[in-house]
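Single-structure report; data block below.
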DNA sequence: CATATGATGGACT
DNA sequence: GTCCATCATATGG
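In this note's numbering, the protein residues as written are 225 to 400.
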């Protein structure tokens, strides 16, 4: 079952946690590549020194768009996949940091490489994940797993809260 | 147009 | 853990 807009219109913190274990499907040349989300981070545009959305025009604008909007953020030589959450105008998003491939082999252990594996590029920027038809999320099987949290990775000025969430002992998380 | 700067990845100790 | 190549953006002239 596809995840709808309602799923994303909650707080980024809640969505980030709830996204763990969900299935991401990317349709390439008529084939569906399925991967489980195993690691996420929550970002807040306002009052979040880690988020560049607070200053940069386009990012800030995109984070304020409606829930389910895909935000592709380029840094170094990589693309990072985010999904806008919360109510419109709230400046919240969840970063997808790692996936577990289910019906294919690829390196998806990190936010930059998973976008290469899934062929996610700036093309998707500002598209809505509920509407593209080639890229969406589905409810997962009810697998039991334990959620761990930690501080966000690679951030210069982080908040004193743990906004990174990952599935305990999963082999595909980007870092321990 | 020139230059600074990373929400990185991979190689290495 | 540390080091650094690399390139799409943002910003300033």
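Every residue, glycine too, gets a C-beta built ideally from N, C-alpha and C.
Computed from a predicted model, the values in this text were never measured in an experiment.
- Cross-strand partners of residue 299 (DSSP beta bridge): Here residue 299 refers to the residue found at position 75 when the first chain is read from its first residue. Per DSSP, 302.
- So, helix, strand or coil for residue 294, using DSSP? Here residue 294 corresponds to residue number 70 of the first chain, with the count starting at 1. The three-state secondary structure of residue 294, taken from DSSP, is strand.
- Bridge partners - residue 317, DSSP secondary structure assignment: On the first chain, position 93 is the one that residue 317 refers to. Residue 317 is bridged to 267 and 308.
- Message: Suppose the cutoff is 7 Å on Cβ atoms and the five residues either side in sequence are ignored; what does the same chain contact list for residue 373 look like?
- Response: Residue mapping note: residue 373 aligns to position 149 of the first chain, counting from 1. For residue 373, the CB contacts under 7 Å within the same chain, skipping 5 residues up- and downstream, are 386, 388 and 389 in chain order.
- Kindly indicate the opening and closing residues of the alpha helix (DSSP H) around residue 231. The residue given as residue 231 occupies position 7 in the first chain. Residues 229-232.
- Task: Taking only the alpha-carbon atoms, compute the straight-line gap between residue 289 and residue 316 and give it to the nearest angstrom.
- Result: For the purposes of this step, residue 289 is taken as the residue at position 65 of the first chain. For the purposes of this step, residue 316 is taken as the residue at position 92 of the first chain. Taking the CA atoms as reference points, residue 289 sits about 9 Å from residue 316.
- Task: Determine which residues share a DSSP beta bridge with residue 261 and list them.
- Result: For this step, residue 261 is matched to residue 37 along the first chain. BP columns for residue 261 point to 323.
- Query: Around the Cβ of residue 313, are there at least 16 other Cβ atoms within 10 angstroms (buried) or fewer (exposed)?
  - Reply: Residue mapping note: residue 313 aligns to position 89 of the first chain, counting from 1. Exposed, since its Cβ has fewer than 16 Cβ neighbours within 10 Å.
- Counting pairs of Cβ atoms below 8 Å between the segment 361-369 and the segment 242-249, do you hit three or more? Taking 8 Å as the limit for Cβ pairs, the verdict is that the segment 242-249 does touch the segment 361-369.
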